[in-house]
Every structure is written in C-alpha cells, then in structure tokens.
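All remarks here apply to the structure that follows.
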Amino acid sequence: MPETSLPLALTMGDPAGIGPEITAGAWRAMRQGATPFAVLGDAGLIGRHDVPVREIATIAQAAEVFVHAVPVLPVGLQAPVHAGQPDSRNAPAITTSIARAVELARNGQAAGVVTNPISKIVLKKAGFPYPGHTEYLAALCDVPGREVMMLACPELRVVPVTIHVSLRRALDELDTSAIIAATRTTHAALQRDFGIAAPRIAIAGLNPHAGEDGSMGTEEQTIIAPAIAALRADGMDISGPWPPDTMFTPPARARYDVAMCMYHDQALIPLKTIDMTQGVNTTLGLPIIRTSPDHGTAFDIAGRGVADPSSLVAALRMAMRMAEHRNRS
Numbered sequence: 038m039p040e041t042s043l044p045l046a047l048t049m050g051d052p053a054g055i056g057p058e059i060t061a062g063a064w065r066a067m068r069q070g071a072t073p074f075a076v077l078g079d080a081g082l083i084g085r086h087d088v089p090v091r092e093i094a095t096i097a098q099a100a101e102v103f104v105h106a107v108p109v110l111p112v113g114l115q116a117p118v119h120a121g122q123p124d125s126r127n128a129p130a131i132t133t134s135i136a137r138a139v140e141l142a143r144n145g146q147a148a149g150v151v152t153n154p155i156s157k158i159v160l161k162k163a164g165f166p167y168p169g170h171t172e173y174l175a176a177l178c179d180v181p182g183r184e185v186m187m188l189a190c191p192e193l194r195v196v197p198v199t200i201h202v203s204l205r206r207a208l209d210e211l212d213t214s215a216i217i218a219a220t221r222t223t224h225a226a227l228q229r230d231f232g233i234a235a236p237r238i239a240i241a242g243l244n245p246h247a248g249e250d251g252s253m254g255t256e257e258q259t260i261i262a263p264a265i266a267a268l269r270a271d272g273m274d275i276s277g278p279w280p281p282d283t284m285f286t287p288p289a290r291a292r293y294d295v296a297m298c299m300y301h302d303q304a305l306i307p308l309k310t311i312d313m314t315q316g317v318n319t320t321l322g323l324p325i326i327r328t329s330p331d332h333g334t335a336f337d338i339a340g341r342g343v344a345d346p347s348s349l350v351a352a353l354r355m356a357m358r359m360a361e362h363r364n365r366s
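If you read the sequence shown in the numbering used here, its first letter stands for residue 38, the second for the next number, and so on.
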C-alpha cells in the first residue's frame, strides 16, 4: 500500500467535456490497490459512463467506498449538461470544485489535488479573472506569482518560464529574475516531491541555435547567461543555454532531469510529441500537490465513449508518488 493513507481530491473539470468519462475510466483502472480519489462534482454525470457511483459526506469516506464505487463529494450544477456543449452557467460549479479540493488539501484532509480539464473560454465568459488553472490555484493557496508549471512524462520534464501569455508578451516578460525564480522553485520541487537529490537542469536558449554568439539574437548573453551564473553560484547543476532545436533528442534528454524553457510552446510541443497519453501537468511552488492530465476538455469527442483516461491515470499516480516523497521528507 502507498505510504500516504489520505485520498486525492479530483475536481470535476468542465462537465460538458471528457472529464466525467475519463474519471470513470480512471476509477476502473485504479480501484484495486491504489490510493483512492474522491470526485468533487455531480454523481449522476459520472454515472452516465457505466460505473457505480456513491455520494459521500466527507472525503475520509472515500477509502471504504473506492473499491466498490466512485466516491463523489457533491457539487451542484446550475444548468443541464449536454456533452460537447459547454455552458458558462456551470462556471461557478467548476470553480467551486477546484476551491473545495484545494481547501481539502490545505487542511490536510486530501493528499493532493488532481484537476480535470477546464475551458478557459467558458470560464472567461462567466467573469473568471485568471488566465488558467495554474494562476487560480496559486491565488487559492495565497502564493500568487510563485507558481511554476511543469509538464512531465516518463521520458521528459519541461518547465516554461513564461506561461499563458502571447508569444509577443512572453518576450517582453522574460528576464533574468524570472528564470532564476522558476529554476529555484523547480530545483526544490525535484528534491522534495520527486526524490532527486541533485537535479540536473538544462536551460534552453530563446533564439535559433541559442543565438549563435549573438548573430541571431542577444537574449542568451544579456538575459539567460546571467541567470545561469547566479544559479550555478547557488550550487546547482546547471547547463546551457542549449540550442532549442537539438535539446530534446534522446541522447540530449539523457543529460538532464528537467528542461527550463523560455516560453509555453517551446516546452509543451516536445513533451506532447514524445508522449501525449502519459503527459502530466503539475504546479510547483504551491503548499499543496497538484497534478492534471496534459490535455484539454476535448468537447469534439465528449460523450462518444472514446476518450483515453491514460493521462488522468498518470496524473493521479504522479500525485500519489509526490505525496509519498513529501511524507518521507
């Protein structure tokens, strides 16, 4: 049995997406011999996917229920749910599910939070003020600005220094202090939550060929190199700046534990290309554990019974392993 006896809190995500279906699939895959999870959502919605469901009053009841049925802590919906047809009237239920899950983890009642996919557009229409999950979770945990997004699969971990902003804005926001802060948070998390005593960290360049000694851009010299020098002065094992077009080959990946990337797609394209089904999004820099599948709501296939729960299963298992490492530290 896992060293952590607490269940995981799984959020509902957008109810019109594939969240209910992959939740049912994850329960089928994990109900024997795994850390249990409890869903903060609508029991009837999950029950549509041919799994037994049982409402519970407290998350502590999840362990005894999990082997027999999906445990659900009820969160009421404001509008009927039609698969593939998102409705902003259900935005309050979506955000309530996230807030309650975070509260359970912060109060020590849940081992961590695993989030089903949300639609940023759906929430924005309802007045949601955050760019995405990551920033909302940081606000709920009272650490806004300290959040770091890491994507991981068995063969690669990546961290984008700038996240949910346009590429033009990312270039404006990228600076030495941002690289240093994100890398320090990542280094600490790899030690505490992943059991890597001396993380090897690769820093990507920004420009083609990492700037080619300034002939294709000077950011490597003026922004990235000073960050590398400061991090090495902290005693970290830092390499770079790496040419972004060659640092994700198998031989290159064997030389580091995580790649620090300068913007969103520089990190996510290689990760999702290498292993979309096992990809996991985890938020570092929070006082709680949070993971998520590395895909979206998939409204186009919702309700068709073809959604693959593999990434959610990987997210649940990663959260469990992270909790085990934290319990040992």
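Every residue, glycine too, gets a C-beta built ideally from N, C-alpha and C.
Secondary structure at residue i, three-state DSSP: helix, strand or coil?
i, result
"E192", "coil"
"A296", "strand"
"H119", "strand"
"M284", "coil"
"D51", "coil"
"G254", "strand"
"D274", "strand"
"P263", "helix"
"G78", "strand"
"L211", "coil"
"R363", "helix"
"P197", "strand"
"I238", "strand"
"A46", "strand"
"V139", "helix"
"V343", "coil"
"V159", "helix"
"V150", "strand"
"V185", "strand"
Going by CA-CA distance only, name the one from the options that's closest to residue i.
i, options, result
"I96", "L204, Q122, E140", "E140"
"C190", "I311, G50, I260, S134", "I311"
"Q315", "V202, A120, S348", "S348"
"A351", "D79, R327, G272, V343", "R327"
"V374", "C178, L243, T199", "Residue 374 lies beyond the residue range present for the chain, which begins at 38 and ends at 366; the question has no answer from this structure."
"T152", "S203, A360, A356, G340", "A356"
"V104", "L114, V90, G113, Q115", "V90"
"S125", "A148, A163, S134, L243", "A163"
"T48", "G149, H201, A106", "G149"
"R68", "P324, N364, P44", "P44"
"K161", "A262, I131, A270, A266", "I131"
"A147", "Q115, A120, Q98", "Q98"
"A63", "E92, P108, A262, A207", "P108"
"A289", "L323, I238, G81, G254", "I238"
"R363", "I233, E256, R229, S252", "R229"
"E257", "T133, L208, V202, A339", "L208"
"W279", "R269, Y293, D271, M273", "Y293"
"A296", "L308, R194, P236, A344", "R194"
"H201", "H224, F231, N244, K157", "K157"
"A235", "R137, N244, H224", "H224"
"E249", "I265, A270, R269, G277", "G277"
Let's test the definition: count the other Cβ atoms within 10 Å of the Cβ of residue i and tell me whether it reaches 16, buried, or not, exposed.
i, result
"S214", "exposed"
"Q303", "buried"
"H170", "buried"
"T259", "exposed"
"H332", "buried"
"R354", "buried"
"M38", "Unreliable positioning characterises M38 in this predicted model, as indicated by a pLDDT of 37, which lies under 50. A coordinate reading is not provided."
"I182", "The question names Ile, yet the displayed sequence has Gly at residue 182. G182 should be labelled exposed."
"E40", "With a pLDDT of 44 at E40, under the threshold of 50, the modelled position of that residue is not reliable, and the figure given next carries that caveat. When all chains shown are included, E40 counts as exposed."
"V180", "exposed"
Roughly how far, in whole angstroms, is the beta-carbon of residue i from the beta-carbon of residue j, given that I think they are within contact range, below 8 Å?
i, j, result
"V88", "A66", "With a Cβ gap of about 11 Å, V88 and A66 do not count as contacting."
"V196", "D51", "Wrong, their Cβ atoms sit about 26 Å apart, outside the cutoff."
"G242", "P287", "Incorrect: roughly 20 Å between the Cβ atoms, too far for contact."
"T222", "L321", "5 Å"
"L177", "N318", "So it is not a contact: roughly 16 Å between Cβ atoms."
"L77", "L114", "L77 to L114, Cβ: 12 Å. No contact."
"A339", "A120", "4 Å"
Legend entry - Uninterrupted beta strand (DSSP E) stretches inside the stretch 310 to 338 (no shorter than 3 residues): Whole beta strand (DSSP E) segments, 3+ residues: 317 to 321, 327 to 330.
Inset, instruction - Output the residue ranges of the alpha helix (DSSP H) runs that lie fully inside the stretch 88 to 114 and measure 4 residues or longer, sorted by chain position. - result: Here the runs fully enclosed are 99 to 103.
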